[in-house]
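Below is one structure, written out as structure tokens; comments come after it.
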Amino acid sequence: MSRNLIQNPILRGFHPDPSICRAGEDYYIATSTFEWFPGVRIHHSRDLVHWRLLTHALTRKSQLDMEGDLDSGGVWAPCLSYNHGIFYLIYTDVKSRQGAFKDTPNYLVTAPNIEGPWSEPVYLNSSGFDPSLFHDLDGRKWLVNMLWDHRTDKNSFAGIVLQEYSAELKRLIGPVFPIYKGTELGLTEGPHLYRKDGWYYLITAEGGTQYNHAVTVARSRNIEGPYETAPHHPVLTSAGSSGLELQKAGHACLVHTHTDEWYMVHLCGRPVKEKYCNLGRETAIQRCVFTEEEWLALADGTNRPSVTVEGPDIPAHPFPAAVERDDFDAPELDVRWSTLRVPADESWLSLKERQGFLRLRGRESMSSLHRQSLVALRQQAFCCSAEMELEFEPEHFQQMAGLIVYYDTKDYVYLQITYDEVLGKCLGIVRSVDGVYDDSICAQIPLLPGASCRLKVLIEREFAQFYYSIGHTTWEKIGPSLDIYHLSDDFPAYIRFTGTFIGMCAQDLSGAFRAADFDYFEYKEFSG
């Protein structure tokens, strides 16, 4: 049987820090969601080639309370595992990340079924981030995380530590063992433990999450160490190879297939221009082997990420293509949609108040870290379009609604309907670049009261062009073609970790909660 080929990235767009596990002949990948709700996306595959978005693990505020979390805070680097019929998910909810300190409470939830319901969280520790759970053959469970050292004369990335977890007591027990300091690449994080043929293998991320990112392998006969670094270190990196399509390769996780093969999922980035990755950090996969010396290595003999990879000896199992258009006829949001920091509830988002429409009630501004009325999906292709139809009757300049292309509270481009004291109801573009607000992109266009309006954006790599249509007339351009490379991980001075979203939002700074009704939303991708 000829093997299927895997095309990387397998999860396009903002899907970083992948954690993969197998349950029988089903494969699941959990990825970071940061300040976006629900928390922790889970994709499913039967062949490692074809993947579908299946569910989210953290769907209740009691599991994940991110109101007030800073940009690129929230859920970092989840770890998904399966043991004796139970799924385990470890995650961090980052509350601070700038300056000397990082407040990183780590939690555990469990479920008998991957689609939930997932349990209420068990608090574990706050000593560092990127925690993972290892299930040893003797039944003991171990939490592994990087240790953060805030002191001025110390290495902040203080190494990898290990502590036993008691499933019966639902807490960590016993001493904390420092097991690995890392290599000269530094910034040692993202640990995962595996056991094979009498060895404990420790996989870590090093070099930082940008262009020096790498995967390090170390091993020991004892779980508490000492761990020896692989002689062919690093096992995977894109560093120093700017011509590779997959950059930033690192933060890896292994899976042993039911066909006795090994694969490594890892994050990567694809620049849209120069160093800027508007799609965020994505998930790719590489085929692996264990050498005669019992070290993990890429199957192709290099340490570079490949775009095309030989799949496992498993029959192809494709899934139906994703639906491009959402007419909001279902009673709940489709699994693709995300909200900022807080879950959707009837107080501000309703699919029931007006049948066939998504109703958003305006709340706080695009700068808010608390209660934005914004629902969006990931941009997953360099070239794409999004359009929607909107009915909105503002009565004050503090009332706004429309189509937004959003990275975070500092960087977005927004085609909005609002109100002007002279023009009345009108349409215009606002933009924020590194927190600098600008509403002078183009002249505002007056709109007739009571008329519905279609809004559209066409994104071609680093450029975005907005359009509008009154009722169902032809599309008209509004404003110039805008360079949107600032909607990327790499734009500001301080690193951030998410990706570009396209969606619908409403603001009402007057406190009147003015409602906007969206009739449909359509997202299409193009080659380019």
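Per the numbering used here, the very first residue in the sequence shown carries number 91; after that it's consecutive. Each residue gets a CB set at the ideal place from its N, CA and C atoms; glycine is no exception.
Where residue i falls: helix, strand or coil (DSSP)
i	result
Asp-128	Here residue 128 is Pro; the residue named in the question, Asp, does not match the sequence. Coil, per DSSP.
His-282	strand
Tyr-575	coil
Leu-430	strand
His-348	coil
Leu-334	coil
Ser-530	coil
Pro-395	coil
Cys-111	strand
Lys-365	coil
Asp-559	The sequence given here has Ser at residue 559, not Asp. It is a strand residue.
Thr-588	coil
Glu-296	strand
Asp-607	strand
Ile-404	coil
Glu-97	Looking at the sequence provided, one finds Gln at residue 97 rather than Glu. The answer is strand: DSSP assigns Gln-97 an E or B state.
Gly-452	coil
Glu-550	strand
Val-301	In the sequence under discussion, the amino acid at residue 301 is Tyr, which differs from the Val named in the question. Coil.
Asn-196	strand
Arg-309	strand
Trp-166	strand
Glu-274	coil
Lys-515	strand
Thr-319	strand
Phe-616	strand
Gln-506	strand
Gly-244	Contrary to the premise, residue 244 reads as Lys rather than Gly in this sequence. Coil.
Ile-204	coil
Ser-209	coil
Through-space distance from residue j to residue i, alpha-carbon basis
i	j	result
Val-379	Asp-350	11 Å
Ser-109	Pro-361	23 Å
Gly-206	Gly-330	42 Å
Arg-521	Phe-581	15 Å
Ser-455	Asp-403	51 Å
Val-495	Lys-185	25 Å
Arg-187	Leu-538	46 Å
Ile-119	Asn-302	24 Å
Leu-459	Leu-154	15 Å
Val-397	Ile-96	8 Å
Tyr-172	Trp-385	24 Å
Tyr-502	Leu-577	7 Å
Ala-605	Ser-463	10 Å
Cys-532	Gly-158	33 Å
Gly-370	Gly-229	38 Å
Val-657	Glu-382	No answer is possible for residue 657: the residues shown for the chain start at 91 and end at 618.
Tyr-527	Glu-479	26 Å
Span of the beta strand (DSSP E) around residue i
i	result
Cys-378	371 to 380
Ile-592	591 to 598
Gln-253	247 to 256
Leu-154	Run containing Leu-154: none; DSSP gives neither H nor E here.
Ile-119	116 to 121
Met-478	473 to 481
Ile-176	176 to 184
Ser-463	463 to 468
Tyr-221	One point to set straight first is that residue 221 is Pro, not Tyr, in the sequence displayed. It is not in any beta strand (DSSP E) - Pro-221 carries neither H nor E in the DSSP assignment.
Thr-145	142 to 148
Gln-489	489 to 498
Trp-238	231 to 238
Ala-420	Neither: Ala-420 is in no beta strand (DSSP E) and is coded neither H nor E.
Leu-259	No beta strand (DSSP E) contains Leu-259, which DSSP labels as neither H nor E.
Ala-387	386 to 388
Buried versus exposed call for residue i [16 or more other C-beta atoms within 10 Å across all chains shown]
i	result
Arg-285	exposed
Asn-368	buried
Ser-49	Coverage of the chain is limited to positions 91 through 618, which leaves residue 49 absent and any answer about it impossible.
Gly-518	buried
Lys-567	exposed
Pro-395	buried
Lys-244	exposed
Phe-487	exposed
Ala-420	exposed
Ile-585	exposed
Thr-99	The amino acid at residue 99 is misidentified as Thr; the sequence shows Pro. When all chains shown are included, Pro-99 counts as buried.
Pro-221	buried
Arg-449	buried
Count the C-beta pairs between the region 240 to 251 and the region 273 to 287 that are closer than 8 Å, then say yes if the count reaches three, no if not. yes
Stretch-stretch touch, CB-based, cutoff 8 Å, three pairs: the region 121 to 128 with the region 430 to 446: Yes, they touch.
If we count Cβ pairs, one from each stretch, closer than 8 Å, do we get three or more for the region 337 to 347 versus the region 296 to 314? yes
Can at least three beta-carbon pairs, one atom from the region 436 to 444 and one from the region 133 to 141, be found at a separation below 8 Å? Not touching, per the Cβ criterion.
Does the region 589 to 606 come close enough to the region 160 to 170 that 3 or more CB-CB pairs lie under 8 Å? no
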